[in-house]
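Accompanying notes for the structure given below.
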C-alpha cells in the first residue's frame, strides 16, 4: 500500500481510514490504588494524517467497547467503524466510543 491513509476494501465495501489506534495504555495506579473520586483515565496512542499523539480516555469508555491495539477507525458506508488489524473484521463502536471518536 503506497499511502496508509488511502481507502481500502473491507469485505466488498470501501473503508476510508481517519486514523489508527497504535497502543492503548490502561490506567495504572501502582500501590496507591484507584482514586476514590472523579473519573479514571487511560490513554490511547493514535496516529492520523497529522502524526502521532496521545489522547486521554475515560476508563469506563475504554472497557465498555471493543477497542484494541492496531485497530483502524474511519468511515465505511457512511458509518463510523473500527476495522481490525486484519483489515477485514468490522467492529461497531458503542455510543461512548462514538462520542470519544467525534472529539478527536
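Numbering (my numbering), first residue to last: 1 to 104. For every residue, glycine included, the Cβ atom is placed at its ideal position computed from N, Cα and C.
Note: residue 63 is not bridge-paired with any residue in the DSSP secondary-structure output. For residue 56, the closest C-alpha among the options 6, 8 and 103 is that of 103. For residue 75, the beta-bridge partners assigned by DSSP are 16 and 80. The residues 17, 20 and 83, in chain order, have a CB closer than 6 Å to that of residue 72 in the same chain once the five nearest residues on each side in sequence are set aside.
Residue state for residue 58 is assigned as strand, using DSSP reduced to three classes.
Of all C-beta pairs linking the segment 3 to 16 to the segment 62 to 79, three or more are shorter than 8 Å, placing the two stretches in contact. The Cβ neighbour count for residue 44, taken over all protein chains shown within 10 Å, is at least 16; the residue is labelled buried. Partner residues in a beta bridge of residue 6, as assigned by DSSP, do not exist.
In this structure, the beta-carbon distance from residue 85 to residue 70 falls below 7 Å.
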